[in-house]
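Numbering (my numbering), first residue to last: 294 to 451.
We treat Cβ as the ideally placed atom computed from N, Cα and C, and that holds for glycine.
First up is the structure itself, then whatever we jot down about it.
Here's what the structure looks like:
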């Protein structure tokens, strides 16, 4: 009931009352970021392929992204949630740089995988960023427009 009341209130005029009603609705239904992270961890343990593919930190970060998205819908800032299939996941990130997906000595380290970075150290922005403390690491999949054809096995520009 508090959720329906909160949705009917004006976002601008009744901001404080609306916030309290949403908080009450979350408490009644145990709808928190932490509970969704716990569910994600439990689901990963039961589903072997998720546990093999993603570490616990990355699983929890994906759960946090899902929570924030659903919260936007709940608060009326978004109309719907679009569910991601494995082919639509464009990025994955860790929570810290201490375990899971990490940045160590100009390499991305994730489990047994080590990927050397291709860096332009003459770029002042990149140089400044690399000198700063790393809080967490994110890997983003992007199409760079390079195609490897089976006949030649040499990359060609698109």
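Top-ranked residue by Cα proximity to residue 436, from 427, 384 and 405: Comparing Cα positions, the closest option is 384.
Residue 445 versus residue 412 - alpha carbon distance: Any reading at residue 445 needs caution, since the residue's pLDDT is 49, under 50, leaving its predicted position unreliable; the model's value is listed next. Between residue 445 and residue 412, the C-alpha separation is close to 27 Å.
Buried or exposed by the 16-neighbour rule on C-beta atoms within 10 Å, applied to residue 417: Residue 417 is exposed by the Cβ-count criterion.
Per-residue DSSP class, three states only, for residue 384: Residue state, collapsed to three classes: strand.
Extent of the continuous alpha helix (DSSP H) run through residue 355: Per DSSP, residue 355 belongs to the alpha helix (DSSP H) from 349-368.
Residue 356 Cβ short of 8 Å to the ligand MN heavy atom set: Absent from the structure shown: the ligand MN. Ligands present: none.
Distance CB(residue 395)-CB(residue 405) smaller than 9 Å: No, the pair does not count as a contact, with Cβ atoms beyond the cut-off.
Sufficient close CB pairs (3 or more, under 8 Å) joining the segment 336-347 to the segment 304-318: These segments do not touch.
For residue 395: DSSP bridge partner residues: Within the DSSP secondary-structure output, residue 395 pairs in a beta bridge with 402.
Option nearest residue 389 by Cα separation, candidates 376, 403 and 380: When only C-alpha atoms are compared, the closest one is 403.
Beta-carbon contacts of residue 310 that lie in its chain and below 7 Å, excluding the five residues immediately before and after: The answer, listed in chain order, is 302.
Own chain partners of residue 370 with C-beta closer than 6 Å, once the 5 adjacent residues on each side are dropped: So no residue of the chain qualifies.
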